[in-house]
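Visitor: In our numbering, the protein residues as written are 267 to 394.
Sharing a structure, written as structure tokens. Questions coming.
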Amino acid sequence: QAFPAIVVSDPVLEPVDKIIWMTLWQAGGAGLMQATFPSYAEIAANAHVGSKTTIARALAILRATRWISLCATVRGRGGRFRNNIYAVHDEPQTLATAMTLDPTYMKFLEAAREHAHLRVRSVARAVL
């Protein structure tokens, strides 16, 4: 499958971020609608990343840089978390589009300024 060249040349993303984005892109049928977002285990297996922390960090950076958008959180009976619904983009979205697709985007960025990982904090602060 072909990937947009812009993801490869993005100066903010590190190689692992790009590989995880490519894994998400493939899981979504290269830009087509996808019903389910891959689990951390599926991402780890397909991207050859052994750490859930690395996957979480990459997802946070991809969200902060607007390569992915958190569109909804699905809860089951009793309000228990089931999964998130993300959109995977072929280019970083504008701020206006990101805020439309991801209503909690600005809250996420604010919280990410205090993230446990230095790189997530740095990216969030730069985006803000």
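Using N, Cα and C, we set each Cβ at its ideal position, and we do this for glycine too.
#1: What does DSSP give as the partner residue(s) for T317 in the beta ladder?
#2: Residues in the same chain with beta-carbon distance under 7 Å from A353, minus the five sequence neighbours each way, listed in chain order, please.
#3: Check whether the region 362–376 touches the region 341–350, taking contact to mean three or more Cβ pairs, one atom from each stretch, closer than 8 Å.
#4: Quick one: what's S335 bridged to in DSSP?
#5: Which residues mark the beginning and the end of the alpha helix (DSSP H) in which E376 is found?
#6: With respect to the alpha helix (DSSP H) encompassing R343, which residues constitute its N-terminal and C-terminal limits?
#7: Can you check whether the C-beta of A392 is within less than 8 Å of a C-beta belonging to chain C?
#8: Beta-carbon within less than 8 Å of L279's beta-carbon, same chain only, minus the 5 sequence neighbours each way: which residues are those?
#9: How many Å lie between M372 and A268 at the Cα?
#10: In chain order, what residues of the same chain have a beta carbon less than 7 Å from the beta carbon of K318, not counting five sequence neighbours either side?
#11: Note down, in chain order, each residue of its chain lying with its Cβ closer than 7 Å to the Cβ of H383, except the 5 sequence neighbours on either side.
#12: I'd like the list of long-range same chain contacts for E380, defined as Cβ closer than 6 Å, with 5 residues on each side in sequence excluded.
#13: For T320, collect the residues of the same chain with a Cβ closer than 7 Å to its Cβ; drop the 5 residues on either side in sequence, then sort them by chain order.
Guide: Let me lay it out:
#1: In the sequence on display, residue 317 carries Ser and not Thr. Paired residue(s): none; S317 is not in a bridge.
#2: I334, S335, C337, L367
#3: no
#4: A353
#5: 371–378
#6: From DSSP, R343 is part of no alpha helix (DSSP H); its letter is neither H nor E.
#7: The displayed structure is made up of one protein chain only, and chain C is not part of it.
#8: V273, W287, I327, L328, T331, W333
#9: 31 Å
#10: Y306
#11: R323
#12: none
#13: V282
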